[in-house]
Amino acid sequence: MEGNVYIKVGNGNKTKFWKDGWIDQTSLRELFPDLFLICENPDARVSDCWTEQGWDISLRRLLNDWEVERVAALLEKLAGMIITTTATNKILWKHSKDGVFSVNNAYKRGLMGMTGAPKYNWNYFWKSDIPTKVKCFTWGNK
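The numbers in full-length UniProt numbering rise by one with no breaks, and the one at position 52 of the sequence shown is 52.
Here is the structure:
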């Protein structure tokens, strides 16, 4: 499920700055692996890195010239983000317009090959004479 949801940050109290997919549905660790390696606190929350003056990204050492450019790129990525202290974070489903999860939608996505499994005609499978417990076991382990 992890790859199928994203976080809409409100106050950032429960969202990890580097590790959760809260910007463009991707983690900053994936977007900026070089900066992640030198960050002071890899488990920092978004709310820990946000101040009234702007973003405060703590790094363990002084930066090389090329790393300064990477920090600038990170800050540019963060520029459009608004942290609201009164709003809570929301976890949203990537595969629906409103972000609401439904079993029907997840089932359809599974049949469309998101799991990497080849498409299979499940209607034929369920209508077959195979014992129900075998069907359930097989379907659950596809």
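Glycine residues also receive a C-beta, built at the ideal position from the N, C-alpha and C atoms.
For residue i: DSSP bridge partner residues
i: Cys39; result: Leu59
i: Lys90; result: Lys8
i: Thr26; result: Ile23
i: Lys16; result: Arg45
i: Gly54; result: Thr51
Residue i - containing alpha helix (DSSP H), residue span
i: residue 200; result: Only positions 1 to 142 of the chain appear in the structure, and residue 200 is not among them; the question remains open.
i: Val71; result: 65-78
Cutoff 7 Å; reference residue i; Cβ partners in own chain excluding five residues on either side
i: Thr88; result: Gly10, Asn11
i: Trp126; result: Lys135
Residue i (DSSP reduced to helix, strand or coil)
i: Gly110; result: helix
i: residue 186; result: Because the chain here runs from 1 to 142, residue 186 falls outside it and cannot be looked at.
i: Asp98; result: coil
i: Phe32; result: coil
i: Thr85; result: coil
Same chain, Cβ closer than 8 Å to residue i, five either side skipped, listed in chain order
i: Phe137; result: none
i: Ile7; result: Thr15, Asp20, Gly21, Trp22, Asn89, Lys90, Ile91, Leu92
i: Phe36; result: Trp18, Leu28, Arg29, Pro42
i: Gln25; result: Tyr6, Lys94
Close beta carbons around residue i, own chain, < 6 Å, minus the five adjacent residues each side
i: Pro42; result: Trp18
i: Ser96; result: Asn105
i: Ile83; result: Gly12, Trp50
Review point. Per the contact definition of three or more C-beta pairs closer than 8 Å, is the region 98-112 in contact with the region 64-77?
Key: Contact fails: fewer than three Cβ-Cβ distances are below 8 Å.
Check your understanding: Does the region 30-44 come within contact of the region 59-74, defined as at least 3 CB pairs closer than 8 Å?
Key -> Yes: at least three Cβ pairs fall under 8 Å.
**Study point:** the region 41-59 contacting the region 13-29, beta-carbon criterion three pairs below 8 Å
**Key:** These segments touch.
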